[in-house]
Structure formats: C-alpha cells, structure tokens
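Only one structure is covered here, and it is reproduced in the block below.
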Amino acid sequence: MLWVVWPAVATAERRLALVVGNDSYESLPKLSRARADADAVGRALEAIGFEVLVAKDASRRELNRRMADLEAKIAPGDTAFFFFAGHGVAIGSDNILLPVDLPKPRSGEESLVREEGTLVDSIVQRLQARGATTTFLVLDACRDNPFSVEGTRSIGQSRGLTRIEAPRGVFVLYSAGIGQTALDTLSRGDTAANSVFTRQLVPLLGEPGLTHVDLAKRVQSAVDKLAASIGHQQQPAYYDQIVGEFVLNTAPKAPDANAVLAEAAKQWPAIARSTDATEIEAFIAQFGTTAFGDLARRRLANLEPPRQQQAVAAIAATPEAGKPTLEAASPAADPKLLAREVQQVLAEKRCYSGRIDGDWGRRSIRAVEDFNRAASLELPPDAPTPTTLASLKQSGAICAEGGAIAPEATTETAPSTVTSGSAPKAGGKSKSATKPKSTSKTKTTQSSKSTTSRKAATKSQPAAKKKSGGNCFTFNGQTVCD
C-alpha cells in the first residue's frame, strides 16, 4: 500500500515561477519599466497559485543564483514559469538574455556576450532536467540591439529575438515577432507603469478558464491593436509544444453577464407576482447583481412581514422551542368553530373569561392582547387565525389570575334556558328554567332556597360565569362541568 500510495502524494503538481526585471544596466541603455513588469507579473502569478521568486536588476551571478533556487524547488510533474523583462539579443540561432553587469563588448566579441549572458535554451534545459512537465517562458526582451553602433558591424541581429525550437512540454511567448521591436511606452506622455506587452498580459493571466493558446492569441491581438494606434508594428509570437491545453487560472469561469441577465428576465414575471419571501430571496441570491436583483429586493421589502410568522418565530426562540412543534393549522372550514377553540385555549390560560360562543368581540380581542403581553408576542387580535391557535397551544405563557377582563366587567348574560340561580357545585347540575313546574309548596321552598343560596354566593363567592355550551362554568377561578 505504501509503495502504491506514497508516490502519488509525493508527486502532487506544484507551480513555481521566477520573474526577472532589469532596468539599471551599467554599460547598456537603461530601461524604465522592466522592474515594474516583473512585479506585476509576479503578483498575477501568485494570485493563480504560483510560488514566485523575484530578481530585479540582476547581475549574472544573481540571475544564476535565482535560477538555482528555482531548480531546487522543482520536482517531477511540476509546472515552471520563467518571465524576463530587459535587454536581449539574438546571435546566430541563440537568444541571449543580458544581466545588468554585462560589460559592453567590442565589435566581434560575440563569445563574450554568450559567456556573460544567459542562453534561453539553457534555461529550458535546466528546468526540464528537474522533471518539470510543463514549462512557460515569457520574454519581453525583443528590443533594438543594445550593441548596435552606427558605422560598425553590430553584435547580433539588429532587433528582436530569433525563432526558438521548443521541446515537448514547453511554451514560449515573445513580446514581439521575429524582426520586430517591443515598445516600452506609446509616447512620452504615456504614464502606464508597464510595457505595452506586459500591460496586456497581466489581466489575461488572471482570467479564469483561459487556455495557454487562447491567452497567447488574446495578447497578440491586444498588443497589435495598441501598437498600431501609434503606427508601430508589434505582434507577439509564440511557440507551442504543450500537448493538449493548459489552463493557467483554474478558478471557475464567471458566467456570461448577458446570459445571466437573460435568465433573470425570464424568471422575473413569476417573482414579480410572488408573495413567498423564500422564493424571492432565492432569486436575489442567483441574480442579485443584475437590475432584476434590485427589483426583487424592493419587492421583498414591500412585503409586510406576516405577524403570524413573527409570532411563530418568537416562540421558536424561547426555551419551549425544544419541545415537539405543532404542525401549522390549516384555516378552519367554519370560522366560528375556530373562534370558539381560540376562546377556549385563552380561557385555559386565564386570559379570557367571557362566553365561549365563537363570537369574536371586544373581550376576545382584549384576551389576545393580554396574552401577547404575557408571552411577548404579536398575534393579531382582530380576528382568530389557525396560526394564532397553534401559537397559543405552543406557548406556555399564562395571563394574570382573573383573565384579561376584570371580574366586574365580564358578567355574562346567561342564556334564557338557564336561571340566574346559585352557581352549581363541582359535579352538580344547573337549574333549568324549562324544568316542569311542581306544586306551589315545592315551588315556594325552591324559591326560598334559591334566594338564600344566591345571597350566600353573592356574599362569599365571585359571580358564576357560564363557560361554554350550557354544560361548563367558570366558578371561583376554576372550570366546572355538570
């Protein structure tokens, strides 16, 4: 198992880069943007997952030192990226990058330049020898020959670099084509920090999903157009020996803005009519950056938050929420039956002491308001709802003793079938006005007893209040039924 698994872990691909920018040449014409180019490319590569080494105004020894540092980090399967901005020259079939401490050669001293400079072919060989599977070389060194002296034979060709034979797995991108020179600036008033080539390259390095060939073609087109704006010809050249396609920035590609807008427009009519906050929020999450996202946010803001939902949410935030919750009640087929059930639960919570008859009036409204104060909720008092009923049953809150209405304000008129006689004892039966008449003696006795009992109840007990259906009464703070 170790023999099979460990090599796979050890050879996980890494991305390593060395960026070089040389401005301050000692014996050659100085440049003004090469160091800034190296910084910009280095930041762009770090943003897409490269470990970057930087060398600025590098001497021959320093450039070799940094190359050795890069080689030491590379393992088989890794990707290597080398960027150079500065002076370069082509001598015969060799492309040579020049360090800042290169002594100015005399006519015919091509061998000095080869020995003191860095051959592009040697960079490729050193990186591939370490096992780099994919190697990128980007060279912004296609300038006029720095050794050119009028009236004498110059070292190397007059301008730019020459063609390169890239081996397998290598991609080379020049800032200009064969025989062309790369511009540092468009004019004296050009305040851009980078060369014409680098300022087009950097944004494309950060574009997700762009293959190496697409990147080269895009750079080529952008630089050609920019240089042509001042009458200069500069068309970056590339040499591709990478098998297949390589994506430098593997981040997910951003969706096409026009496609997103079209899809948002397609779905908007349904959202414009919706009263479902969850549905509108899902639309905002998907299309919030479009103009329809703004419309959806306004639509959501204009929806009055249902007070019943606020009540349920408040209950869910209380310790009682840990208990099994009731399913949301569906609207009752008979509103009066729903009102009676709400009155019943309010009465059990000592918030309501009126008649449980399904008639939703002042007492019922005040009972809900008292419950809201006791439970710190905002149930709608104006009419009973299934959510109000569910919230009442869910909450453990109880109103103060005596209910929402003071006893003297809650005297109910008993139905005509019930006398105003004494309150029944628990388990007793009420006296009915429709009971068959007895003899006058019996009637007199009952009347006397009723009067005596009524006086006693008035003196020692609160008035009995009929609770519901003619069978139950609230008596002395308790509900009793016959």
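No gaps in the numbering here: position 110 of the sequence shown is 245 in the working numbering, and each next residue is one more.
For each residue, glycine too, the CB sits at the ideal point set by N, CA and C.
- Query: Which of helix, strand or coil does DSSP assign to Val235?
  - Reply: Within the sequence shown, numbered from 1, the residue matching residue 235 stands at position 100. In this structure, Val235 counts as coil in the three-state DSSP scheme.
- Message: Under DSSP, the beta strand (DSSP E) around Glu342 begins and ends at which residues?
- Response: Indexing the sequence shown from 1 puts residue 342 at position 207. First-last for Glu342: undefined, no H or E at that position.
- Task: Report the partner residues of Ile226 according to the DSSP bridge assignment.
- Result: For the purposes of this step, residue 226 is taken as the residue at position 91 of the sequence shown. Asp229.
- Query: DSSP on Thr523, reduced to helix/strand/coil?
  - Reply: As a working mapping, residue 523 is identified with position 388 in the sequence shown. Helix at Thr523.
- Given a cut-off of 8 Å, decide if Tyr373 and Ala351 are closer than it, judged by their beta-carbon atoms. The residue you call residue 351 lines up with position 216 of the sequence shown. The residue you call residue 373 lines up with position 238 of the sequence shown. Taking 8 Å as the Cβ cut-off, Ala351 and Tyr373 qualify as a contacting pair.
- Message: So for Phe422, helix, strand or coil by DSSP?
- Response: The count along the sequence shown starts at 1 and reaches residue 422 at position 287. Note: Phe422 maps to helix in three-state DSSP.
- Message: Distance check for Leu205 and Gln263, CA to CA, integer angstroms please.
- Response: Against the sequence shown, residue 263 aligns to sequence position 128. Against the sequence shown, residue 205 aligns to sequence position 70. Approximately 12 Å between the Cα atoms of the pair.
- Task: Check whether the Cβ atoms of Arg323 and Leu339 sit closer than 8 Å, and answer yes or no.
- Result: Locating residue 323 in the sequence shown gives position 188, where the first residue counts as 1. Locating residue 339 in the sequence shown gives position 204, where the first residue counts as 1. No, Cβ-Cβ distance for Arg323 and Leu339 is not below 8 Å.
- Look at Ile491 and Arg475 and say whether their C-beta atoms are less than 8 Å apart. For the purposes of this step, residue 491 is taken as the residue at position 356 of the sequence shown. For the purposes of this step, residue 475 is taken as the residue at position 340 of the sequence shown. Yes. Within cutoff.
- Return the chain-ordered list of same chain residues with a C-beta closer than 7 Å to the C-beta of Val235, the five sequence neighbours on each side being excluded. Along the sequence shown, one-based indexing puts residue 235 at 100. For Val235, where only same-chain residues beyond five positions count, the Cβ hits under 7 Å are Asn157, Ser159, Tyr160, Glu161, Asp192, Ala193 and Ser194.
- Task: Could you name the residues that DSSP lists as bridge partners for Phe217?
- Result: In the sequence shown, residue 217 corresponds to position 82, counting from 1. Paired residue(s): Leu153 and Leu272.
- Message: For Ala225, tell me which candidate among Arg201, Leu274 and Arg200 has the shortest Cα-Cα distance.
- Response: Sequence index remark: in the sequence shown, residue 225 carries index 90 (1-based). Residue Leu274 is the option with its Cα nearest to Ala225.
- Message: For the pair the segment 394 to 409 and the segment 324 to 338, tell me if three or more CB-CB distances fall below 8 Å.
- Response: no
- Give me the Cβ distance between Pro514 and Val480, rounded to the nearest whole Å; I'm assuming they're in contact under 8 Å. Position 379 of the sequence shown, counting from 1, holds the residue named residue 514. Position 345 of the sequence shown, counting from 1, holds the residue named residue 480. Rather than Pro, the amino acid found at residue 514 in this sequence is Leu. Contact doesn't hold; Cβ gap of about 12 Å is too wide.
- May I ask you to verify whether the segment 359 to 366 touches the segment 312 to 323, counting CB pairs closer than 8 Å and requiring at least 3? yes
- Message: Beta-carbon within less than 6 Å of Ala509's beta-carbon, same chain only, minus the 5 sequence neighbours each way: which residues are those?
- Response: Position 374 of the sequence shown, counting from 1, holds the residue named residue 509. Cβ within range, chain order: Ala532 and Cys534.
- Bridge partners - Tyr374, DSSP secondary structure assignment: As a working mapping, residue 374 is identified with position 239 in the sequence shown. In the DSSP output, where bridge partners are listed per residue, Tyr374 has Val307.
- Task: Take Asn331 as the anchor and find which of Lys360, Thr346 and Gly344 has the nearest alpha-carbon.
- Result: Looking up residue 331 in the sequence shown gives position 196. According to the sequence displayed, residue 331 carries Val and not Asn. Looking at the Cα atoms, Lys360 is the closest of the given residues.
- Go to Leu188, then tell me how far its beta strand (DSSP E) extends in each direction, as first and last residue. Position 53 of the sequence shown, counted from the start, is the residue given in the question as residue 188. Its beta strand (DSSP E) spans residues Glu186 to Lys191.
- Task: Can you tell me which of Ala394, Val382 and Leu308 puts its alpha carbon nearest to the alpha carbon of Gly341?
- Result: On the sequence shown, position 206 is the one that residue 341 refers to. Here the closest residue by C-alpha is Val382.
- Message: Taking the straight line between their C-alpha atoms, what separation do you get for Gln376 and Leu233?
- Response: Reading the sequence shown from its first residue, position 241 is the one you call residue 376. Reading the sequence shown from its first residue, position 98 is the one you call residue 233. Going from the Cα of Gln376 to the Cα of Leu233 covers about 25 Å.
- Message: Tell me which residue opens and which closes the alpha helix (DSSP H) that Lys165 is part of.
- Response: Counting from 1 along the sequence shown, the entry for residue 165 is found at position 30. Where Lys165 is concerned, there is no enclosing alpha helix (DSSP H), given that its DSSP letter is neither H nor E.
- Query: What are the residues that DSSP puts in a beta bridge with Thr253?
  - Reply: For the purposes of this step, residue 253 is identified with residue 118 of the sequence shown, where counting begins at 1. DSSP lists Leu232 as partners of Thr253.
- Give me the Cα-Cα distance between Arg170 and Ser409, rounded to the nearest whole angstrom. Against the sequence shown, residue 170 aligns to sequence position 35. Against the sequence shown, residue 409 aligns to sequence position 274. The straight-line gap from Cα to Cα measures roughly 57 Å.
- Message: Here's the rule: buried if 16 or more other CB atoms are within 10 angstroms of the residue's CB, otherwise exposed. What is Val155?
- Response: In the sequence shown, residue 155 corresponds to position 20, counting from 1. By the neighbour-count rule (16 or more Cβ atoms within 10 Å), Val155 is buried.
- Could you work out which residue in Phe418, Pro302 and Arg298 is closest to Glu398 when comparing CA atoms only? What you label residue 398 is simply residue 263 of the sequence shown in a count that begins at 1. Of the listed residues, the one whose Cα sits closest to Glu398 is Phe418.
- Query: Buried or exposed: Leu180, going by 16 or more other Cβ atoms within 10 Å of its Cβ?
  - Reply: Working through the sequence shown from its first residue, we reach residue 180 at position 45. Its Cβ being crowded by 16 or more others within 10 Å, Leu180 is buried.
- Query: Is it buried or exposed for Thr316, if we count other Cβ within 10 angstroms and need 16 for buried?
  - Reply: For the purposes of this step, residue 316 is taken as the residue at position 181 of the sequence shown. So Thr316 ends up on the buried side.
- Since Phe506 is in the alpha helix (DSSP H), which residue starts that stretch and which ends it? One-based indexing of the sequence shown puts residue 506 at position 371. Phe506 -> alpha helix (DSSP H) spans Arg497 to Ala510.
- Message: Let me check one thing: in DSSP terms, what residues is Val382 bridge-paired to?
- Response: Residue 382 sits at position 247 when you count from the first residue of the sequence shown. Beta-bridge pairing links Val382 to Thr346.
- Task: Label Gly252 either buried or exposed according to how many other C-beta atoms from any shown protein chain fall within 10 Å of its C-beta, with 16 as the threshold for buried.
- Result: Locating residue 252 in the sequence shown gives position 117, where the first residue counts as 1. Flag for Gly252 reads buried.
- Cα-Cα separation, Glu250 to Leu198: Along the sequence shown, read from residue 1 onward, the residue named residue 250 stands at position 115. Along the sequence shown, read from residue 1 onward, the residue named residue 198 stands at position 63. Cα to Cα, the separation comes out at about 13 Å.
- Can you give me the Cβ contacts of Phe218 inside the same chain, cut-off strictly under 6 Å, excluding the 5 residues immediately before and after it? Taking the sequence shown and counting its residues from 1, one reaches residue 218 at position 83. Only Val154, Val176 and Val273 meet the Cβ criterion.
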